[in-house]
Amino acid sequence: MTVSRREARAGWLFLLPWVVGFLAFTAGPMLFSLWLSLTHYDMLKPPTFVGLENYREAMTDQRVGTALWNTVFYTALHVPAQIVLALALASLLRRAGRGGGFFRTVLYLPVMTPPVALAAMFLLLLNGQHGAINGFLGWFGFQGPNWTTDPAWIKPGLVVMSLWTVGSTAVLYLAALTRVPVERYEAARLDGASPWRQFWHVTLPGISGTVYFTAVVNTIASLQVFTEAYAMFFGARAKASAEGDAALFYVIHLFQEAFGSLRMGYASALAWGLFAVIAVITAVQVRLSRRYVHYEGDRS
Amino acid sequence: MKRVGVWVALLVVTVAFGYPFWWLVSASLKDRAHVFDNALLPRPFTPGNYVEVWQAVPLLTWIGNSVAVGLAAAVAATVTSALVAFGFALFRFPGRNALFGVVLATMMLPAAVTMVPVYLEWHALGLATTQIPLWAQNLFGSAFYIFLLRQFFLGLPGEVFDAAKVDGASPWRLFTSMALPLAKPGLVVVFVFELKAAWTDLVKPLIYLREPELYTLPRGLKAVLDRFGEGGEEQWELVLAASAIATVPMVLLFLVAQRHFVRGTVTQHVE
């Protein structure tokens, strides 16, 4: 056997676990799910083929419309808020000098909190009457809303809560900021650029690759938002309430159809619907990036 | 003057991001009448909440389950992701780059797409109500960690491996006696990331676990929230005590492994 054939064989052997896993837990399930989406299947009787009926039902299902609207609304608030705050915090941290390590710890610690614990805490922190957040707003004379019970404020409340775990994005931006060449700032200062213009013309182009990356990844994650909202507003006591409707996100609806109503075929069709939405939004982001993202020589 | 502004801003940030932790611990030590009062210090001081919730629900069992599942998930993910990453980093063979492209693509695949069919697979195997689906998938490597460890292996000095290859060292020896020791910092990153992911996950336990004795801590905490929280018995001090118990191990993990978390976060997208 030649060296290169031996090398190829060894390489494939090392890759084997992943290849098996990919077939068993990704590629296989995707094909299976595609077929299931064309059936009615309740796990008791064998699946019956129904063609595109599940997709047709999804188009007219009012809860799908609600869930889709909630999810897109949440994402449209959450992703930009996350990016702006992370950028502000990273810029601030960059100026912290020697204390930087401490502040980075403070910022990142919330990321470690189990989401269910986060949900329990923020149900009370966001409480309209007694919550600390409205208490804080009260100091400035604002009457805060009922974040956890007013349908109009539930999603903004969830966004506020999500900002507490902005640390992982901020740490990423901080690393990107330290890679922007110092000479560029010096040149800009020589040209008499104000700090704001420096940010706009030096900092932002310098880290636009990172910002773009987080925008794409956060959007994909945000369109699948589930845990905190489920922990706060769904569960043992299934609520068919206004709150439940305002916090009904797409994956929550999918989860309920699959594991609550055991409508495996319909849930599979819903999953492919989400896949299509995510693919379209990601494709749009990729197109926009060609216009606005400035890559460094090393494309980091 | 500018420095002062920066420090004031940092102080505000510290208070804003630290306060919820302080509030959680403080409120978990208050009695029922004061749990909503937002006072910084709990008066009356009520550590009995912890005893009460400990007796009301099987917290120790849930912690044990979370430790077992978390360790199984972390060990499996670390070992197999390292194997696969090593294969991608060190060997040249046709189709390698295309396959690595597939690995990257699966990182972008929404987990919701495979949620139902993978559940049905475990169901067909008769394992759908056990803890096995919570970690066993990690035996086949995990895309993000493969990506991350490949970066580590590519950063190792290639000449050392070439020299060893010429000396006739087997690929397995290269992996176990050279690559693994050198990539230890990367392995630690994967281990702590997956430990944290398994410890905090609610989705899989919700799908797979039926028996309360099998619950992991987040699933148990959700049961506590359902029973003692909103619409339940309204004993929030117990919910918060249980939440604090679930949070503390992660805070400790972060304090001892902080640089690994930061490193893992930052490596996420360095191409």
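Residue numbers (full-length UniProt numbering), protein chains in the order written: chain A, 1 to 300; chain B, 1 to 271.
Glycine is no exception: its CB is placed at the ideal position from the N, C-alpha and C atoms.
Query                                                                                                                                                               : Result
Skipping 5 residues on each side, what residues in its chain have a beta carbon closer than 6 angstroms to that of Ala72(B)?                                        : Trp135
Taking Cβ positions only, does Gly297(A) come closer than 8 angstroms to chain B?                                                                                   : Note that Gly297(A) scores 48 on pLDDT, short of 50, meaning its location in the model is unreliable; the coordinates nonetheless yield the value given after this. No - not a single Cβ of chain B is within 8 angstroms of the one on Gly297(A).
How about Trp173(A) and Thr219(A): do their beta carbons lie closer than 8 angstroms?                                                                               : A quick correction: the sequence has Tyr, not Trp, at residue 173(A). No, the Cβ-Cβ distance between Tyr173(A) and Thr219(A) is not below 8 angstroms.
Quick check on the burial criterion: 16 or more other C-beta atoms within 10 angstroms. Buried or exposed for Lys184(B)?                                            : exposed
In three-state terms, what does DSSP make of Ser300(A)?                                                                                                             : Annotation note: pLDDT 38 at Ser300(A) (below 50); position unreliable, no value reported.
Shorter than 8 angstroms from the beta carbon of Pro218(B) to some beta carbon of chain A?                                                                          : yes
Measuring only the C-alpha atoms, how far is Ser194(A) from Pro171(B)?                                                                                              : 57 angstroms
Give a yes or no on whether 8 angstroms exceeds the smallest Cβ distance from Gly260(A) to chain B.                                                                 : no
Thinking Val202(A) and Val180(A) are a contact (beta carbons under 8 angstroms), I'd like their distance in whole angstroms, please.                                : 7 angstroms
For the candidate residues Phe88(B), Ile63(B), Phe93(B), Val35(B), whose alpha-carbon lies nearest to that of Ala8(A)?                                              : Phe93(B)
For Tyr153(B), go through chain A and note every residue whose CB falls closer than 7 angstroms to its CB, in chain order.                                          : It should be noted that the sequence gives Phe, not Tyr, for residue 153(B). Residues of chain A passing the Cβ test: none, with the nearest at roughly 11 angstroms.
Closer than 8 angstroms, CB to CB, is Leu182(B) near chain C or not?                                                                                                : The question asks about chain C, but that chain is absent: this structure's protein chains are A and B.
Go ahead and pull the three-state DSSP assignment for His130(A).                                                                                                    : coil
Compare the C-beta of Trp12(A) with all C-beta atoms of chain B and state if any pair is closer than 8 angstroms.                                                   : yes
List the whole-angstrom C-beta distance separating Thr267(B) from Gln151(B), where the pair is believed to meet the contact cut-off of C-beta under 8 angstroms.    : 6 angstroms
Apart from the five residues on each side of it in sequence, which residues of its chain come closer than 8 angstroms, Cβ to Cβ, to Val51(B)?                       : none
For Ile132(B), return the contacting residues in chain A, with the cut-off set at a CB-CB distance below 8 angstroms.                                               : By Cβ distance, chain A contributes nothing, its closest Cβ being about 13 angstroms from Ile132(B), past 8 angstroms.
Nearest to Phe86(B) by alpha carbon, out of Trp236(B), Lys2(B), Leu253(B), Gly141(B)?                                                                               : Gly141(B)
May I have the straight-line CA-CA distance separating Phe73(A) from Ala119(A), to the nearest angstrom?                                                            : 20 angstroms
Strictly below 7 angstroms CB to CB, what residues from chain A border Ser243(B)?                                                                                   : Ala117, Ala120, Met121
Nearest CA to the CA of Trp54(B): which residue from Phe45(B), Pro157(B), Leu240(B)?                                                                                : Leu240(B)
What would DSSP say about Phe49(A), mapped onto helix, strand or coil?                                                                                              : strand
Once the 5 residues before and after Thr165(A) are set aside, which same chain residues still bring their CB inside 7 angstroms of it?                              : Pro110, Val111
Under 8 angstroms, Cβ to Cβ, is there at least one residue of chain B near Val202(A)?                                                                               : no
Can you name, in chain order, every residue of its own chain whose Cβ lies under 6 angstroms from the Cβ of Glu271(B), other than the five neighbours on each side? : In this predicted model, Glu271(B) has a pLDDT of only 44, less than 50, meaning its place in the structure is not dependable; the value taken from the coordinates is given anyway. Answer for Glu271(B): no residue qualifies.
Closest Cβ-Cβ distance between Val203(B) and chain A: below 8 angstroms?                                                                                            : yes
Could you tell me which of Leu31(A), Ala170(A), Ala229(A) sits nearest to Gly207(A), measuring between CA atoms?                                                    : One point to set straight first is that residue 207(A) is Ile, not Gly, in the sequence displayed. When each option's Cα is compared against that of Ile207(A), the closest is Ala170(A).
State yes or no: is the beta carbon of Val25(B) nearer than 8 angstroms to at least one beta carbon in chain A?                                                     : no
Could you tell me whether the segment 164-179 of chain B touches the segment 30-49 of chain B, where touching means 3 or more Cβ pairs closer than 8 angstroms?     : no
Determine, for Tyr121(B), whether the minimum Cβ-Cβ distance to residues of chain A falls below 8 angstroms.                                                        : The sequence given here has Glu at residue 121(B), not Tyr. For Glu121(B), the answer is yes, since a Cβ of chain A falls inside 8 angstroms of its Cβ.
Residues of chain B with CB closer than 7 angstroms to the CB of Gln224(A), please, in chain order.                                                                 : Pro110, Ala111, Ala112
Taking the alpha carbon of Val224(B) as the reference point, which residue from Leu214(B), Glu211(B), Leu238(B), Gln131(B) has its own alpha carbon closest?        : Leu238(B)
Starting from Glu230(B), find everything on chain A with Cβ-Cβ shorter than 7 angstroms and list it in chain order.                                                 : Leu123
Under 8 angstroms: do the segment 119-131 of chain A and the segment 183-192 of chain A share three or more Cβ pairs, one atom per stretch?                         : no
If the cut-off is 7 angstroms on Cβ atoms, which residues from the segment 51-85 of chain B count as contacting chain A, listed in chain order?                     : Thr80, Leu83, Val84
Give the straight-line distance between the Cα atoms of Thr200(B) and Leu11(B), rounded to the nearest whole angstrom.                                              : 29 angstroms
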